[in-house]
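Sequential numbering of the sequence shown, starting at 14, is according to our numbering. Using N, Cα and C, we set each Cβ at its ideal position, and we do this for glycine too. Accompanying notes for the structure given below.
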Amino acid sequence: MNPDVYPDENEEHFREVYDAFKVQIPSELGLATGLAAEYMVVNGFERRCADHADELLTYPDGSILIEMSYYFRSRNLENAIFELQMAGLQPILAHPERYLYMADKLSEFDKLHDMDCRFQMNMMSLTGCYGRASLHILNYIKKKGWYDFSATDLHSLEQLDRILSAKPVI
14 MNPDVYPDEN EEHFREVYDA FKVQIPSELG LATGLAAEYM VVNGFERRCA
64 DHADELLTYP DGSILIEMSY YFRSRNLENA IFELQMAGLQ PILAHPERYL
114 YMADKLSEFD KLHDMDCRFQ MNMMSLTGCY GRASLHILNY IKKKGWYDFS
164 ATDLHSLEQL DRILSAKPVI
């Protein structure tokens with residue numbers, strides 16, 4: 014969820030889309046579904062966490078997926094993590110190995126881990142498709158044993174084909 018890029022796609026919008034979607038699932042399938050979102054840590058997000066945490070789309074256990082731009086580090090990341098935790102939520106940083114600008118600042122991940130921020134690896138990263146800097150970060154976090162989750166972060170069927178046909182480089 015990124016209000017700077019998609020201002021009309023807010024929690025209310027996604028709740029409506031989800032409600033329309035889940036009634037289409039045949040009940041005989043017995044599927045359990047849930048609604049959560051990946052939040053871009055943009056300017057002002059930490060205030061939103063402090064003032065409106067109850068509106069955020071989280072996992073049932075109170076975990077919340079956050080991310081940063083691929084081009085620059087969010088200046089308010091630590092404040093956002095703190096505010097989420099003060100609201101009783103557990104932040105999970107999505108695909109940290111894709112923040113290539115942090116490859117020469119690995120101690121930044123130490124700080125985030127010390128703040129009890131969890132990490133979610135993007136499985137596409139295992140293929141080396143994001144380059145050496147990504148693999149450097151991935152190996153660092155993996156060796157530390159800090160990946161709590163892995164996910165596909167799929168945006169197309171072509172990406173799924175790449176994951177299924179690729180040989181992991183690590």
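Using CA atoms only, rank isn't needed, just tell me which of the options is closest to residue i.
{"i": "M81", "options": "V54, A66, E68, G141", "result": "V54"}
{"i": "R131", "options": "V36, S138, D123", "result": "D123"}
{"i": "A45", "options": "P104, P73, V18, S147", "result": "P73"}
{"i": "E51", "options": "W159, H168, A107", "result": "A107"}
{"i": "P109", "options": "E171, T71, D129, N135", "result": "N135"}
{"i": "T140", "options": "L119, E121, G158, T165", "result": "T165"}
{"i": "Y112", "options": "I77, L148, H126, Q103", "result": "L148"}
{"i": "G47", "options": "L173, F95, Y31", "result": "Y31"}
{"i": "D129", "options": "R145, Y153, Y160", "result": "Y160"}
{"i": "Y153", "options": "E121, D67, P16", "result": "E121"}
{"i": "S87", "options": "H65, M115, A66, A63", "result": "M115"}
Report buried or exposed for residue i, applying the criterion of at least 16 other Cβ atoms within 10 angstroms of its Cβ.
{"i": "I38", "result": "exposed"}
{"i": "F58", "result": "buried"}
{"i": "A93", "result": "buried"}
{"i": "S138", "result": "buried"}
{"i": "L151", "result": "buried"}
{"i": "S178", "result": "exposed"}
What would DSSP say about residue i, mapped onto helix, strand or coil?
{"i": "D161", "result": "strand"}
{"i": "N56", "result": "coil"}
{"i": "F85", "result": "coil"}
{"i": "L170", "result": "helix"}
{"i": "M128", "result": "coil"}
{"i": "L119", "result": "coil"}
{"i": "L78", "result": "strand"}
{"i": "N135", "result": "strand"}
Could you spell out the range, first to last residue, of the alpha helix (DSSP H) harbouring residue i?
{"i": "Q28", "result": "Reading off the sequence, residue 28 comes out as Arg, not Gln. Counting along the chain, the alpha helix (DSSP H) containing R28 begins and ends at 24-35."}
{"i": "L97", "result": "90-99"}
In whole angstroms, what is the alpha-carbon distance linking residue i and residue j?
{"i": "Y19", "j": "I79", "result": "16 Å"}
{"i": "Q133", "j": "S76", "result": "12 Å"}
{"i": "C9", "j": "Q103", "result": "The requested residue 9 is not part of the displayed model; the chain covers only 14 to 183."}
{"i": "F34", "j": "G101", "result": "29 Å"}
{"i": "E22", "j": "L97", "result": "21 Å"}
Could you give the residue range of the beta strand (DSSP E) that holds residue i?
{"i": "P104", "result": "103-107"}
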